[in-house]
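Quick notes on the structure that follows.
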Amino acid sequence: MSRPGPGAPAPDTVIVTHIHSDLDALAATVAARVLFPGAVPVLQPTLDPQVRELAALHRDVLQLRTPEEVDLKGVRRVVVVDTRSRSRLGTLWAPLDRPEVEWLVFDHHPPAPDELPGSAGRREVRGSCTSLLVEALAALPEVTLAPVEATLMALGIYADTDAMRVPGTTAGDVRAVAWLLERGADLAFVNRWVDAELAKGQLALLEQLLAGAQPQLVQGARVVVVGTRTDAYVAGIAAVADRLQLVLDADVVVLAVEMAGKRTHIVARSRLDGADMRGLLAPWAGQGHLSAASAHADGLAWEAVVSHAERHVAGHLPPEPRAEDLMSSPVRTIEASAPVAEAVTLLGDTGHSGLVVMRRGKAVGVVSRRDLERAARHGLVGTEVRHVMTNGIVTTSPDTPMHALLTTMVRRDIGRLPVLRDEALVGIVTRSDLLRAQYDRAPDRRAAVSRRTATLGERLRAFWPDDWWTVFDTVSDVASGRPVYLVGGAVRDLLLDRPNLDADLVVEGDGVAFAEALREALPGATLKVHRAFGTAHLHTADGKRLDVASARTEHYDRPGALPRVALSSLKQDLARRDFSVNCLAVRIDRDGRGELIDFFEGLPDLAQRSLRVLHNLSFIEDPTRVLRAVRFEQTLGFRLEPGSEAFARFAFESGACDRLAGERTRAELSRLLSLSRPTQVLERLADLGALRLLAPELTPGPDTRRAVAGVRNAQRRLGLQGGVEAWIPVLGVVLWPLGVEAGAAVLGRLNMSGRQCDGLVAAWRWLTAVAAEPPRPSDACKALSGLPEALLPLVYALAPTRPARRAVLAYHLRWRHLRLTVGGDDLKRLGVPPGPHYAAILTHVLEARLAGTIGPEGELALLHDLATRYRAGDPA
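Start counting the sequence shown at 178; every next residue gets the next number (the working numbering).
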């Protein structure tokens, strides 16, 4: 390295990046200069052609310096951007490698074998390094950017993410560009440089490579591995690789160029999720990302690189999906002799577009919805399906690769392929399955597996006690290699770091048979089976509960009805659940423990605390899902996403869910109204229109909300805030505006117990009575003593007058404990003949005691006086 010239500055802080600096490195340098005012940006001597041109144009504006212009030996702090590798700093590393130097590293690449020192900065895999620094800038309370700075930063992000098209692009990259656009970034300038024409040498190299390129199909991916030799050095071959990939529409490009007989430069690009280009170039210490990597080697022939890449590229690509990965199972079938009307009904229930037709256990044809509807229009509803099905069925085997499935469907113009194993029907692949897999470039289940598998397995171990793992090991033994999944809220809460030991298990196949085998393997366990639903509840000898279910699908004949159930696949089982965040599953059997399944994008929704239903009629089919949504909003801080909230509102505005109620509604209401902030719950239910479940005319106003808050205050004041029935007085307040008779009708639809119904009705009747006149203490005692204690906060909160509230409070604190020391025997000794007047006389004594005008010692004297008056003809 040249010595700094005379007068070269000796800055305290410098900003450096990697050799062969690209647009992202330049942009990150610009962002770091704003983030660290006073720091001096030092450019590498080797720059990509575009970077060299941009740096020349903006050198003075951005105050860029060369290594010769800076005294690096006086530096005390180094900000490194777009690399974490010492070797990629080139000749800048040696003068900065001193113990007193502080290192702040901002990098978006995977860890390097020669990591730079220090832990400050930010090292996080991201589409662009610039977006990491922009995120840091956006967090500052006051930061200003010149339009040129915002534009260059946006250019770096666009260049490294291929305009947001590479698989490694993240939401953070997109947010960073949006923030920069708000601060004046010029997309027209960005696009000109991202889509810039290749230089003359690059174009010549591209022509050479195109002449020798032979695209190959490798595991279903279009792969190009090509190399060549040039007499001169050509800068920017990464841009050549990008253009080659674009021209040949290749999923993967590996490019090796031997330049001037000295050094071979290697570039690998992939647009596939799960590809590892960095690993492919590992023999030459490849650097970069999984989807974009580069390397170079001296004295290496380009043919050696091409040979290696052709032999090993398959091992660095995601495995091509096969029929068994893509298929749905079990398959919905119909017998060839069944009438068309039955097939139409079955398709209506399942939403499928076709059925496999069976005869004597073998697949003999396929019938589509279109064919069945045509037959029905022609009055052929009673005709056997075999007369309208497609004969000469085309099938496939479980190990058929995706590209072969696609070829068969296109050439034969068919929409579904039954999958046979040894002539037995094991699944079906549809056209939509193939389309989804093509776009995801991974089979449905593999695409759903989280990359955090190992971490999740560790978290499972940490959250579930050891005695549970004894049970789970037994579950694994009984499964004998069959996957067993923990599903639902326990998985959601595991990812939220919330303890939840609800063991809700799903197996594909006969869950009841599995549960019965599990009971035999767990000494002392008991089992309760619900065969109609394919579920079982198992209780171990030490009190643990496991809910075991067959993977199943559900169909609703009408809004709010109980579902009809059929065996299905794990995906279809999860699809019947309420929200995407509850559709997560994690394997607990030994073979795949910690494997997370996320078919419905539940993880992103979980991160955003968003509640999203899986289909548009979800709330109409099961209106109680709205109650669960409100509960999750209140307890987990989630929120219905706008589309799902619109579906919820429509479900109630349409009137389809009016007065449905039922046991499931009661169960959800009991959980919801037991929460600590019932007023907010009520406001949210009213906002969504969900109270129409109870009664369309139920529109709680301010008085009702105040009374609900009053119930909670009364529960605290009376010491009755706990207990399983603490929600019932809140329900009583909500229904009070309907009146006694209409309120009682709602209680009946909720299938409340007789005791609960009678108690609420009695409470409402007493409130109606005391509204007309103040209650006498004895009458209040009589009425209130007939109510369940849990309802006292209800009558206290709704009491229409201050005397009525005082009576409730006095009853709870004093009156209910009062017992007279006198009775009928005392009246008989005083010469009063038995009769109805006994009650009147004793009530008089009771009123005096309740009013506090006499104590226990005065009861007998008052009784003697009343008896004397009675004998004298005064009826007291």
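The beta carbon of each residue, even a glycine, is placed where N, CA and C say it ideally should be.
query, result
"Can you tell me whether DSSP reads MET504 as helix, strand or coil?", "coil"
"Is DSSP giving VAL351 helix, strand or coil here?", "helix"
"If you reduce the DSSP assignment to three classes, tell me which class GLY542 lands in.", "strand"
"I'd like to check one pair, ALA415 with SER468: are the Cβ atoms closer than 8 Å?", "no"
"Ignoring anything shorter than 4 residues or poking outside the segment 567 to 608, list the alpha helix (DSSP H) runs there in chain order.", "579 to 589"
"Would you decide whether ARG638 is buried or exposed? Buried here means 16 or more other CB atoms lie within 10 Å of its CB.", "exposed"
"Quick check on SER506: buried or exposed, where buried means 16 or more other Cβ atoms within 10 Å of its Cβ?", "buried"
"On the criterion of 16 or more Cβ atoms from any shown chain inside 10 Å, does ASN759 qualify as buried, or is it exposed?", "buried"
"Which residues mark the beginning and the end of the alpha helix (DSSP H) in which GLU512 is found?", "That residue, GLU512, is in no alpha helix (DSSP H); its beta strand (DSSP E) goes 510 to 512."
"Let's see if you can read the secondary structure: which residues bound the beta strand (DSSP E) around GLU435?", "429 to 436"
"Mark HIS466 as exposed unless 16 or more other C-beta atoms lie within 10 angstroms of its C-beta, in which case mark it buried.", "buried"
"Are the segment 709 to 727 and the segment 681 to 699 touching by the rule of at least three beta carbon pairs closer than 8 Å?", "yes"
"Taking the C-alpha atoms as reference points, what is the distance between ASP1042 and PRO954?", "21 Å"
"Could you tell me the alpha carbon to alpha carbon distance between GLU731 and LEU791, rounded to whole angstroms?", "The predicted model places GLU731 with a pLDDT of 45, which falls under 50 and marks its position as unreliable, so this point remains unresolved."
"Where ARG802 and ARG816 are concerned, what is the direct C-alpha to C-alpha distance, given to the nearest angstrom?", "13 Å"
"Report the option in LEU1037, TRP992 and ARG991 whose CA atom is closest to the CA atom of LEU1007.", "LEU1037"
"Can you name the start and end residues of the beta strand (DSSP E) that LEU895 belongs to?", "Looking at the DSSP string, LEU895 is not in any beta strand (DSSP E); the run it does join, the alpha helix (DSSP H), is 879 to 895."
"Taking buried to mean at least 16 other C-beta atoms within 10 Å of its own C-beta, is GLN240 buried or exposed?", "exposed"
"Could you have a look at ARG735 and say whether DSSP puts it in helix, strand or coil?", "Because ARG735 carries a pLDDT of 44, less than 50, the predicted location of this residue cannot be relied on, and the following value inherits that uncertainty. Coil at ARG735, not helix or strand."
"For VAL367, count neighbouring C-beta atoms within 10 Å of its own C-beta (all shown protein chains included) and say buried if the count is 16 or more, exposed if not.", "buried"
"SER447 lies in the beta strand (DSSP E); which residues open and close that run?", "440 to 447"
"Looking at the structure shown, is GLN464 part of a helix, part of a strand, or coil, going by DSSP?", "strand"
"Among VAL191, GLN396 and GLY936, whose alpha-carbon lies nearest the alpha-carbon of HIS580?", "GLN396"
"Give every residue of the same chain whose Cβ lies closer than 6 Å to the Cβ of PRO344, excluding the five residues on either side of it in the sequence, and list them in chain order.", "ASP450 and SER468"
"Please report how far the alpha carbon of ARG636 lies from the alpha carbon of GLN464, in whole angstroms.", "32 Å"
"Which of the three DSSP states, helix, strand or coil, is assigned to SER847?", "helix"
"Please report how far the alpha carbon of ASP453 lies from the alpha carbon of ASP502, in whole angstroms.", "21 Å"
"Just to confirm the assignment, what range does the alpha helix (DSSP H) spanning PHE691 have?", "688 to 698"
"Given a threshold of 16 other Cβ atoms within 10 Å of its Cβ, counted over all protein chains shown, does VAL424 qualify as buried or as exposed?", "exposed"
"In three-state DSSP terms, what is LEU494?", "coil"
"Mind checking who PRO218 pairs with in its DSSP beta bridge?", "ILE192"
"Would you grab the beta carbon distance between PRO595 and VAL508 for me? Rounded to a whole angstrom, and I think it's under 8 Å.", "7 Å"
"Tell me whether MET535 sits in a helix, a strand or coil according to DSSP, three-state version.", "strand"
"Can you tell me which of VAL652, ALA500 and GLY295 puts its alpha carbon nearest to the alpha carbon of MET586?", "ALA500"
"Taking DSSP as the reference, what is the three-state secondary structure of GLN1060?", "Limits of the chain in this structure are 178 at one end and 1053 at the other, which puts residue 1060 out of reach."
"Taking DSSP's pairing of strands, which residues face TRP280 in a bridge?", "VAL255"
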